[in-house]
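Written out below as structure tokens is the structure these notes cover.
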Amino acid sequence: MEKPNDLILVIFGASGDLTSRKLIPALYSLSNQNLMPEKFALLGVGRSEISSTEFREKMANAIRTFSDEKDPDFSHITGFTEYFEYQRIDYISPPDYKELGRVIQNLCQKHGIGGNIIFYMATPPSLYETISTNLAEAGLGIQSDGFKHFIIEKPFGYDLESARRLNKTLHGLVQEDQIFRIDHYLGKETVQNLLVTRFANGIFEPLWNRNYVHRIEITSAESIGVEDRGGYYDGSGALRDMVQNHLLQMVGLTAMEPPSSLEADAIRNEVLKVFQSLQPIKEEDVEKQVIRGQYTPSKIRGECVTGYRYEKDVDVHSRTETYVAMKFFIDNWRWGGVPFYIRTGKRLPTRVTEVVIHFKQTPHHLFKRVVGKLTGNQLIIRIQPDEGILLKFDMKEPGAGFNVKNVNMDFHYKDLADVRVPSAYERLLYDVMLGDSTLFSRDDEVETAWKFIEPIQRAWKNNPAIKVYGYPAGTWGPEPSNDLIEGEGLTWRYPCKNMADEELYCEL
Ligand code: NDP
Ligand code: BG6
26 MEKPNDLILV
36 IFGASGDLTS
46 RKLIPALYSL
56 SNQNLMPEKF
66 ALLGVGRSEI
76 SSTEFREKMA
86 NAIRTFSDEK
96 DPDFSHITGF
106 TEYFEYQRID
116 YISPPDYKEL
126 GRVIQNLCQK
136 HGIGGNIIFY
146 MATPPSLYET
156 ISTNLAEAGL
166 GIQSDGFKHF
176 IIEKPFGYDL
186 ESARRLNKTL
196 HGLVQEDQIF
206 RIDHYLGKET
216 VQNLLVTRFA
226 NGIFEPLWNR
236 NYVHRIEITS
246 AESIGVEDRG
256 GYYDGSGALR
266 DMVQNHLLQM
276 VGLTAMEPPS
286 SLEADAIRNE
296 VLKVFQSLQP
306 IKEEDVEKQV
316 IRGQYTPSKI
326 RGECVTGYRY
336 EKDVDVHSRT
346 ETYVAMKFFI
356 DNWRWGGVPF
366 YIRTGKRLPT
376 RVTEVVIHFK
386 QTPHHLFKRV
396 VGKLTGNQLI
406 IRIQPDEGIL
416 LKFDMKEPGA
426 GFNVKNVNMD
436 FHYKDLADVR
446 VPSAYERLLY
456 DVMLGDSTLF
466 SRDDEVETAW
476 KFIEPIQRAW
486 KNNPAIKVYG
496 YPAGTWGPEP
506 SNDLIEGEGL
516 TWRYPCKNMA
526 DEELYCEL
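Take the sequence shown: its letters are residues 26 to 533, numbered as in our numbering.
In structure tokens:
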């Protein structure tokens, strides 16, 4: 694989969770695969007053804690972090950006790097506009001596209006091909595999529509709480943090028409069409179609777990949702009338992301005697963990009579012993270094996704009577989310860490 050209990576919000948990371990893995530029330096930027030495130590610890290298050889961590520096900044102070420019220039000279720079916005989203504007005004967006790429983390804005404004501001400062709107779910191998599953296998295509699909369910559950991210999360909530971006992107890839090619725009055009066909949820229907919740104190595996309102940097009266479940429709020929159910939450029983296609039942039940619970045909595309695909179908239980039993047919990525699945950030950071924007979101896609979310935000703002349900940490969210699923006896799938297990609260 190609080695990117020499560059400097500048991360804003470098003292934060994203940098430690995902970015630095991803860069470390790229380095282990010899996929980093020959000459590379990293400049962490933030409000915190920390020295470069402390920053290097923090990043080395992050690698030890979060790196998923299978056979970790951490011996070269010190060598790797040697090229890391830290610079304190006041985000709203233009002179600080001039100083930043000087620091970057010195780093370039010190390491013999030309003018290629990547600016990574890993701060709360309210700062993206300020940082980009100040960078451009300090002359740091000019590409005369090398590329200047701006990576903007999700959520891109905090509502439709701010997303539009941010797009407009960015377009006034830099070219579209300098902007990388990141949604790391698009960098996940298994999310990309949704396209391969659908468009490389003739057996699925005829069934992938309203004639054969009863409902589609997408879950992205996390067992962790907000940890140290209260400062960002309390102003965001699950709707902005997960639904507007990661979950809707998965809806887009699950529901889209085949693209004409694998070109970035061909795929984005089809995802955009899905977003444009989302049936708007009327403000007055939000209470019925969207359930929000917040985790309350509980015990998990015998240990007391704090409630959301008592987490660090969270308002004790906060009504920020840590859980969202919703039902909606896609108004097009393929999906008309098929309900889509999506849910996400923190402090749920396990960490799992999956797409479940529930197929319609046969028109007539010939076999009356069933063993266990029949769930019908389901195709489960497991995004994480235990990445793979599971098909559930009914078969005859051996022996007398015609007893029917639901069984599993499954494929697990881990069975491909010699294949390492790269992390999403590994892939995406590598792509930005090479200037490849295939797996990044486009301005119109992001705005259309916000348009769908907007009535929900409005209803929650304008109608305080809409409940924020409490759910004990470690459970599958508020009870009323079960009522969203239409049909007698139908429920959400309650997945476990292992794809083929279900209905068990395995991790509790
Ligand atoms: P954090 O809450 O950890 O915040 C990041 C940094 O931003 C902090 O270390 C802090 O640095 C600075 N910061 C926090 N609050 C404020 C504030 N009110 N004003 C100015 N600066 C502030 O967030 P994350 O790192 O988790 O997330 C950053 C972005 O990355 C978010 O947009 C999130 O959606 C996205 N993201 C996060 C992921 C994750 O796993 N954490 C994964 C994918 C995306 P300092 O005080 O030093 O300036
Ligand atoms: C981020 C959210 O975008 O995605 C976090 O800001 C969340 O709140 C994270 O924890 C989940 O990512 P993953 O890859 O662990 O599913």
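Ideal Cβ placement from N, Cα and C applies to all residues, glycine included.
Just so you know, these numbers come straight off a predicted model, no measurement behind them.
Measure the CB-CB distance between residue i and residue j and report whether it falls below 7 Å.
i, j, result
"R235", "G362", "yes"
"F105", "L67", "no"
"G255", "E336", "yes"
"V339", "D208", "no"
"G502", "Y348", "yes"
"E511", "R376", "no"
"R223", "S466", "no"
"F65", "Y237", "no"
"I138", "I36", "no"
"M275", "V315", "no"
"L55", "Y455", "yes"
"S323", "A163", "no"
"E479", "Y438", "no"
"A280", "I228", "no"
"Y366", "E242", "yes"
"T345", "G262", "yes"
"T473", "Q301", "yes"
Could you check if residue i is buried or exposed, using at least 16 other CB atoms within 10 Å of its CB as the buried criterion?
i, result
"R81", "buried"
"H196", "exposed"
"V444", "exposed"
"Q409", "buried"
"A425", "exposed"
"W358", "exposed"
"Q403", "buried"
"F436", "exposed"
"N131", "exposed"
"S118", "exposed"
"T78", "exposed"
"P423", "exposed"
"L48", "buried"
"N226", "exposed"
"L533", "Note that L533 has pLDDT 43, beneath the 50 cutoff, so the model's placement of it is unreliable and the number below is only indicative. So L533 ends up on the exposed side."
"F181", "buried"
"V341", "exposed"
"F175", "buried"
With H, G and I counted as helix, E and B as strand and the rest as coil, what does DSSP make of residue i?
i, result
"L533", "Confidence at L533 is low in this model, with a pLDDT of 43, below 50, so the placement of that residue should be treated as unreliable; the coordinate-derived value is given next. Reduced to three states, the DSSP call for L533 is coil."
"C329", "strand"
"Q200", "coil"
"V251", "coil"
"N16", "Look at the range of the chain in this structure, 26 to 533, and you will see that residue 16 is not part of it."
"E74", "coil"
"H390", "coil"
"L32", "strand"
"S151", "helix"
"H174", "strand"
"E63", "coil"
"P505", "helix"
"P120", "helix"
"M26", "coil"
"G413", "strand"
Below 6 Å CB to CB, which residues in the same chain sit around residue i once its five sequence neighbours on both sides are set aside?
i, result
"R452", "G212"
"F91", "R46 and P50"
"I114", "V70 and D121"
"K371", "E247, G250 and T347"
"F477", "L303"
"I405", "E379, V381 and L415"
"G126", "A163 and L165"
Using a Cβ-based criterion (distance less than 6 Å to any ligand heavy atom), does residue i qualify as near the ligand NDP?
i, result
"S373", "In the sequence on display, residue 373 carries Leu and not Ser. Because no heavy atom of the ligand NDP lies under 6 Å away, the Cβ of L373 does not count as near it: no."
"S73", "yes"
"R113", "no"
"K43", "Lys is not the amino acid found at residue 43; the sequence shown has Leu there. The answer is yes for L43."
"P364", "no"
"E422", "no"
"T148", "yes"
The ligand BG6 and residue i: does any heavy atom of the ligand fall closer than 6 Å to the residue's C-beta?
i, result
"D266", "yes"
Please confirm whether residue i has its beta-carbon closer than 7 Å to some beta-carbon of chain B.
i, result
"V446", "Any reference to chain B falls outside this structure, which holds one protein chain only."
I'd like the list of long-range same chain contacts for residue i, defined as Cβ closer than 8 Å, with 5 residues on each side in sequence excluded.
i, result
"F418", "N402, N431, V432 and M434"
"K28", "N59, L60, M61, P62 and E63"
"D170", "G139 and G140"
In chain order, what residues of the same chain have a beta carbon less than 7 Å from the beta carbon of residue i, not counting five sequence neighbours either side?
i, result
"S245", "M267, H271, L272, T369 and T378"
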